[in-house]
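Everything in the sequence shown is counted per our numbering, starting at 94 for the first residue and increasing by one. Ideal Cβ positions, reconstructed from N, Cα and C, are used throughout, including at glycine. Bear in mind the structure is a predicted one, so any value in this text is a computation, not a measurement. Have a look at the structure below before the remarks.
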Amino acid sequence: MNAPTEMPAPLNFTDSAASKVKELIAEEGNPELKLRVFVTGGGCSGFQYGFTFDEVTNEDDTVMEKNGVSLLIDPMSYQYLVGAEIDYSEGLEGSQFVIKNPNATSTCGCGSSFSA
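Okay, here's the thing in structure tokens:
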């Protein structure tokens, strides 16, 4: 019997993003919450990113764990997010989750819309 091969992480969920999610979950007071990242049609470039908290892990979700936080990705979104980095940044323009996606052929100034 062959030993299972460890698959590389489909995307990079940074420490700062995981720490912020952990902080937000603690504020909500519900340890069952997980961060769901998804891609939907729309935005000025064709696709847009979204984030929501979810208590339910669907059977076909990809689940990533980082620092005690679960990140959920549905199969349709997964194909657009492979190789991307999810980070959290704080700056003069405010605080936000940022996705750096090598699959995006162009992005919008808003930072949440892209084309692939």
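Segment limits, alpha helix (DSSP H) that includes residue i
i      : result
Leu174 : Pro168 to Leu174
Ala197 : Unbroken run through Ala197: none, as it is neither H nor E.
Leu117 : Asp108 to Glu121
Residues of its chain near residue i, where Cβ-Cβ distance is below 6 Å and the 5 sequence neighbours each way are ignored
i      : result
Glu178 : Asn105 and Lys193
Val175 : Pro103
Glu99  : With a pLDDT of 47 at Glu99, under the threshold of 50, the predicted position of this residue should be treated as unreliable, though the coordinate-derived value follows. Excluding residues within five positions, none has a Cβ falling inside 6 Å.
Asp153 : Pro168
Leu164 : Phe106, Leu128 and Met157
Rounded separation between residue i and residue j - CA only
i      : j      : result
Phe190 : Asp180 : 6 Å
Val162 : Glu148 : 12 Å
Leu126 : Phe146 : 6 Å
Asp167 : Val114 : 18 Å
Asn160 : Ala110 : 10 Å
Gly134 : Phe144 : 14 Å
Leu128 : Pro195 : 21 Å
Val130 : Tyr173 : 11 Å
Val156 : Thr150 : 8 Å
Ser188 : Ser182 : 6 Å
Thr120 : Gly184 : First, the residue type needs correcting, since residue 120 is Glu and not Thr in the sequence shown. The straight-line gap from Cα to Cα measures roughly 22 Å.
Cβ shell of residue i (< 7 Å), same chain only, five flanking positions each side left out
i     : result
Pro97 : Because Pro97 carries a pLDDT of 49, less than 50, the predicted location of this residue cannot be relied on, and the following value inherits that uncertainty. Nothing meets the Cβ criterion.
8 Å Cβ shell around residue i - same chain, five flanking residues per side excluded
i      : result
Val132 : Phe140, Gln141, Tyr142, Gly143, Met169, Ser170, Tyr173 and Leu174
Item to check | Sequence ranges, alpha helix (DSSP H) only - wholly within the segment 126 to 195, length at least 4 | outcome: 168 to 174
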